[in-house]
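Okay, so the sequence shown: first residue is 1 according to the UniProt record's numbering, each after it adds one.
Read the structure below first, then the notes.
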Amino acid sequence: MATSLPKVPIYSLNELKSTTDDAIAPYLTSLPNPYTFVENNSKSNIRLLLGYGAVSIAAVSFYIDYTKGWEATKPWILPAVIAYFVLNLALTLWIWGVEGGQIFEGSGDEIERLRICSSTKKHSPLYHLHIHHTSSLSNMPQEKTAVAPFTQWFSGDGTFHCEAFRQWLAAEIGIPWSAPRSKLNM
């Protein structure tokens, strides 16, 4: 059975960006040694903790109010609502302030720390990558911005060509782009 290549609507910048963003982590974590990266999920874990904490407060408040009634839960609803909004505010500030478009953070043997952020501009078919890395040889952080059109790795019908994307990404980061296909699952 042949595997189908991922297809996205070519007029949706959000879909093009999301598909491209989703291809970065599997590629970087499946490279052969010494170029492989170990992904650091601590920022994602904090985001999940804040989000699920807020939803849990809302769910517990609803359940207790539903089972006990308004009069029994009235003293607890205001603190629950305040806690919910504080957690949602913290989540929003975390996403915009700390993560700031980050799609990958990891470390490897050759590059001690790699952080990749992506962005697109409204009505522009260009994909922007902001690459921050620290080499294990020199502890000076280096930054690089890479820009390429989505048409470099998407065909006219919306098919994502991962080999073309891997070549471009490897050239921008400075790593070999060939990796065992069995590990990439793309």
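Glycine is no exception: its CB is placed at the ideal position from the N, C-alpha and C atoms.
Does S135 come out as helix, strand or coil in the three-state DSSP assignment? Translated into the one-based positions of the sequence shown, residue 135 becomes position 135. In this structure, DSSP gives S135 an extended state, which the three-state scheme calls strand.
Assuming E172 contacts I131 (C-beta within less than 8 Å), just tell me the rounded distance between them. Position 172 of the sequence shown holds residue 172. Position 131 of the sequence shown holds residue 131. That belief holds up - the Cβ atoms of E172 and I131 are roughly 7 Å apart, short of 8 Å.
Nearest to L108 by alpha carbon, out of P75, K17, K74 and P34? Translated into the one-based positions of the sequence shown, residue 108 becomes position 108. Residue 108 is actually Gly in this sequence, not Leu. Of the listed residues, the one whose Cα sits closest to G108 is P34.
What does I116 pair with, by DSSP beta-bridge criteria? As a working note, residue 116 is residue 116 in the sequence shown. Under DSSP, I116 shares a beta bridge with F104 and I131.
So, for Y52: in the same chain, excluding its five sequence neighbours on each side, which residues have a beta-carbon less than 8 Å away from its beta-carbon? For the purposes of this step, residue 52 is identified with residue 52 of the sequence shown, where counting begins at 1. The answer is none, since no qualifying residue turns up.
What's the call for I82, buried or exposed, on a 16-neighbour Cβ count within 10 Å? Taking the first residue of the sequence shown as position 1, residue 82 is located at position 82. In summary, I82 is exposed, with fewer than 16 beta-carbon neighbours lying within 10 Å of its beta-carbon over all protein chains present.
State the Cα-Cα distance for the pair A80 and W70, rounded to the nearest angstrom. By 1-based counting over the sequence shown, the position of residue 80 is 80. By 1-based counting over the sequence shown, the position of residue 70 is 70. W70 has its alpha-carbon roughly 14 Å from the corresponding atom of A80.
Under three-state DSSP, which class holds V81? Against the sequence shown, residue 81 aligns to sequence position 81. Correct three-state label for V81: helix.
Can the beta-carbon of F150 be found closer than 8 Å to that of L16? Here residue 150 refers to the residue found at position 150 of the sequence shown. Here residue 16 refers to the residue found at position 16 of the sequence shown. Going by beta carbons, F150 and L16 fall inside the 8 Å limit.
Helix, strand or coil at K122 [DSSP, three-state]: As a working mapping, residue 122 is identified with position 122 in the sequence shown. Annotated three-state conformation of K122 is coil, per DSSP.
Exposed or buried, which one is V38 when buried takes at least 16 other CB atoms within 10 Å? On the sequence shown, position 38 is the one that residue 38 refers to. So V38 counts as exposed.
So is R181 buried or exposed if we call it buried at 16+ other beta carbons inside 10 Å? As a first step, residue 181 must be located in the sequence shown, where it is residue number 181. Its pLDDT being 46, under 50, R181 is placed unreliably by the model, and nothing is read from it.
Around the Cβ of V60, are there at least 16 other Cβ atoms within 10 angstroms (buried) or fewer (exposed)? Taking the sequence shown and counting its residues from 1, one reaches residue 60 at position 60. Exposed: under 16 other Cβ atoms inside 10 Å.
Rounded C-alpha distance that separates Y11 from T67: Translated into the one-based positions of the sequence shown, residue 11 becomes position 11. Translated into the one-based positions of the sequence shown, residue 67 becomes position 67. One C-alpha to the other measures close to 48 Å.
Would you check if the distance between the CB atom of S19 and the CB atom of T29 is smaller than 8 Å? Numbered from its first residue, the sequence shown carries residue 19 at position 19. Numbered from its first residue, the sequence shown carries residue 29 at position 29. In the sequence as displayed, the identity of residue 19 is Thr instead of Ser. No, the pair does not count as a contact, with Cβ atoms beyond the cut-off.
Simplified DSSP state of V55, which is helix, strand or coil: Here residue 55 corresponds to residue number 55 of the sequence shown, with the count starting at 1. In this structure, V55 counts as helix in the three-state DSSP scheme.
Identify the continuous beta strand (DSSP E) that holds P141 and give its terminal residues. On the sequence shown, position 141 is the one that residue 141 refers to. First-last of the beta strand (DSSP E) with P141: P141 to P149.
Across which residues does DSSP place K7 in a beta bridge pair? Numbered from its first residue, the sequence shown carries residue 7 at position 7. Among the bridge pairs identified by DSSP, K7 is matched with T159.
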